[in-house]
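Participant: Numbering (full-length UniProt numbering), first residue to last: 1 to 216.
Beta carbons: idealized from backbone N, C-alpha and C, even for Gly.
Here it is, the structure, as structure tokens.
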Amino acid sequence: MTTPSPTTGRTPIPTRTLLIVATATGPTFYAVAVAQMLTREGFDIRVHPISQLATGGSGWIQVLNFVLTGIGLLGLAAAARRRLVDGRGHRAVPILLAIFGFGWMAAGFFPMDPQRGFPVGAPTGQVDMSWHGVVHSGAAALAFLALAVACVVGAVRALRLRRFGTMIGHAVVGLVLFIPVSPTGASIQIAVTGAVAFGWVAWFAHGLRRDDVDDH
Numbered sequence: 001m002t003t004p005s006p007t008t009g010r011t012p013i014p015t016r017t018l019l020i021v022a023t024a025t026g027p028t029f030y031a032v033a034v035a036q037m038l039t040r041e042g043f044d045i046r047v048h049p050i051s052q053l054a055t056g057g058s059g060w061i062q063v064l065n066f067v068l069t070g071i072g073l074l075g076l077a078a079a080a081r082r083r084l085v086d087g088r089g090h091r092a093v094p095i096l097l098a099i100f101g102f103g104w105m106a107a108g109f110f111p112m113d114p115q116r117g118f119p120v121g122a123p124t125g126q127v128d129m130s131w132h133g134v135v136h137s138g139a140a141a142l143a144f145l146a147l148a149v150a151c152v153v154g155a156v157r158a159l160r161l162r163r164f165g166t167m168i169g170h171a172v173v174g175l176v177l178f179i180p181v182s183p184t185g186a187s188i189q190i191a192v193t194g195a196v197a198f199g200w201v202a203w204f205a206h207g208l209r210r211d212d213v214d215d216h
């Protein structure tokens, strides 16, 4: 009798678990961010974008918030790859979601520059961007662009499946993500756009959880 060789591969994280975590990424990210807004001296959402919480002595909290959120988004990409097995966009959507997740992580690893009086002691005006500030802005822009394209692909997929309500949902969120950032009130607009994006993440993850497919 031949003795079976021991299995060396790791058991993959269940798809349902990945989707539950993905659903929680947005509320968790904003809960942590709001807690910092209320407790860190000098922060004003009317002037400072959420990303600026990653600067200063307590900036590591927001850096970790970005990175863990990105990991949760990568989990959503993995779940989408398992669930979307055929049809229009079944390859593109997981890739675009992975770009969204990696972009979020990069935005945390490469923080923007202290400016406009935050953190306390920073220059009161806007400063020239450092290399890591450029990387931060580029990563964030790429992340939101990838998600916007994923929404467009999702809308086309839903249209072909004659799921018109789903199509409208994808299209509306994609349109919001494509709106250019206004020079006035940019920090508030970015915060609202992010909330819309994570609302889509929760909605999309919930939709994947309802799909009657194998959960492996």
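Runs of 4 residues minimum, wholly inside the stretch 47-84: which ones carry the alpha helix (DSSP H) assignment?
Facilitator: 59-83
Participant: Residue range of the alpha helix (DSSP H) that residue 150 falls in?
Facilitator: 131-160
Participant: Tell me whether residue 103 is buried or exposed, calling it buried when 16 or more other Cβ atoms sit within 10 Å of its Cβ.
Facilitator: buried
Participant: By a C-beta neighbour count over all protein chains shown, 10 Å radius and 16 as the cutoff for buried, is residue 57 buried or exposed?
Facilitator: exposed
Participant: Determine whether the beta carbon atoms of residue 156 and residue 200 lie at a separation below 8 angstroms.
Facilitator: no
Participant: Candidates 113, 196, 15, 178: which alpha carbon is nearest residue 84's?
Facilitator: 15
Participant: What's the call for residue 27, buried or exposed, on a 16-neighbour Cβ count within 10 Å?
Facilitator: exposed
Participant: Under the three-state reduction of DSSP, which class applies to residue 36: helix, strand or coil?
Facilitator: helix
Participant: Go ahead and pull the three-state DSSP assignment for residue 189.
Facilitator: helix
Participant: What is the DSSP secondary structure of residue 29, reduced to helix, strand or coil?
Facilitator: helix
Participant: Could you tell me whether the stretch 145-152 touches the stretch 165-180, where touching means 3 or more Cβ pairs closer than 8 angstroms?
Facilitator: The answer is yes - the stretch 165-180 touches the stretch 145-152, with three or more Cβ pairs under 8 angstroms.
Participant: Which residue marks the beginning of the alpha helix (DSSP H) containing residue 170, and which one marks its end?
Facilitator: 164-178
Participant: Assign residue 82 to one of two classes, buried (16 or more other C-beta atoms within 10 Å of its C-beta) or exposed (fewer than that).
Facilitator: Buried, by the Cβ-count rule.
Participant: Take the Cβ of residue 40 as the centre, count every other Cβ of all protein chains shown within 10 Å, and call the residue buried at 16 or more, exposed below.
Facilitator: A buried status is given to residue 40, since no fewer than 16 other beta-carbon atoms sit within 10 Å of its beta-carbon.
Participant: Which word fits residue 50, buried or exposed, when buried means at least 16 other C-beta atoms lie within 10 angstroms of its C-beta?
Facilitator: Flag for residue 50 reads buried.
Participant: Among residues of its own chain, excluding the 5 on either side of residue 89, which ones have a beta-carbon nearer than 7 angstroms to its beta-carbon?
Facilitator: 153, 154, 156, 157
Participant: For residue 190, which residues in the same chain have their Cβ closer than 6 angstroms to its Cβ, ignoring the five residues on either side in sequence?
Facilitator: 49
Participant: Are there 16 or more other CB atoms within 10 angstroms of the CB of residue 164, so buried, or fewer, so exposed?
Facilitator: exposed
Participant: For residue 110, which of helix, strand or coil comes out of DSSP?
Facilitator: coil
Participant: Leaving out five residues before and five after residue 42 in sequence, what residues of the same chain have Cβ atoms less than 7 angstroms from its Cβ?
Facilitator: 117, 118, 119, 120
Participant: How big is the Cα-Cα spacing for residue 126 and residue 78?
Facilitator: 39 angstroms
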